[in-house]
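Peer 1: Per our numbering, the sequence shown starts with residue 135, numbered consecutively. Positions of the beta carbon are idealized from the N, C-alpha and C atoms, including for glycine. Have a look at this one.
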Amino acid sequence: MLLEQDPARKLYATGHHNIVNVPGTDEWIIAYHRFAYNPAGRWAGGDGCHRGVVFAPLDYNPDGSLVPVRPQVGSYVRSLAF
């Protein structure tokens, strides 16, 4: 499994992903949706669920398989200027 929810960290619905290559590199980035559930600290007017798009780098094991992506609260930041 490349990406799955992390109930211990209240991160759910990690779906609808896409994988892109940074042009001119061997770097690959996954973009995915997830819900962050926070009933105690609800966002203004919200129900405690925050749907967001998150980016993360893809890493490889020595055998060439992909390292599973751990859902993040924040997002990967990288300049795409080239």
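Around the C-beta of residue 205, are 16 or more other C-beta atoms found within 10 angstroms, so that it is buried, or is it exposed?
Peer 2: Here residue 205 is taken as the residue at index 71 of the sequence shown, counted from 1. Classification for residue 205: buried.
Peer 1: Take residue 139 and list the residues in its own chain whose beta-carbon comes closer than 7 Å to its own, dropping the five residues that flank it on each side.
Peer 2: Locating residue 139 in the sequence shown gives position 5, counting from the first residue. Once the five neighbours on either side are set aside, the close Cβ partners of residue 139 are 145, 146, 147, 148, 205.
Peer 1: Using C-beta distances below 7 Å, list every residue in its chain close to residue 170, excluding the 5 sequence neighbours before and after it, in chain order.
Peer 2: Here residue 170 is taken as the residue at index 36 of the sequence shown, counted from 1. Counting only Cβ-Cβ distances below 7 Å, and skipping sequence neighbours, we find 144, 145, 184, 186, 207.
Peer 1: Kindly indicate which three-state DSSP category residue 254 falls into: helix, strand or coil?
Peer 2: What the structure shows of the chain is the stretch from 135 to 216, and residue 254 is not part of that stretch, so it cannot be assessed.
Peer 1: So, with DSSP's three-state summary, where would you put residue 210?
Peer 2: The residue you call residue 210 lines up with position 76 of the sequence shown. Note: residue 210 maps to coil in three-state DSSP.
Peer 1: Specify, as a first and last residue, the run of the beta strand (DSSP E) that residue 166 falls within.
Peer 2: Locating residue 166 in the sequence shown gives position 32, where the first residue counts as 1. Element bounds for residue 166: 162-171.
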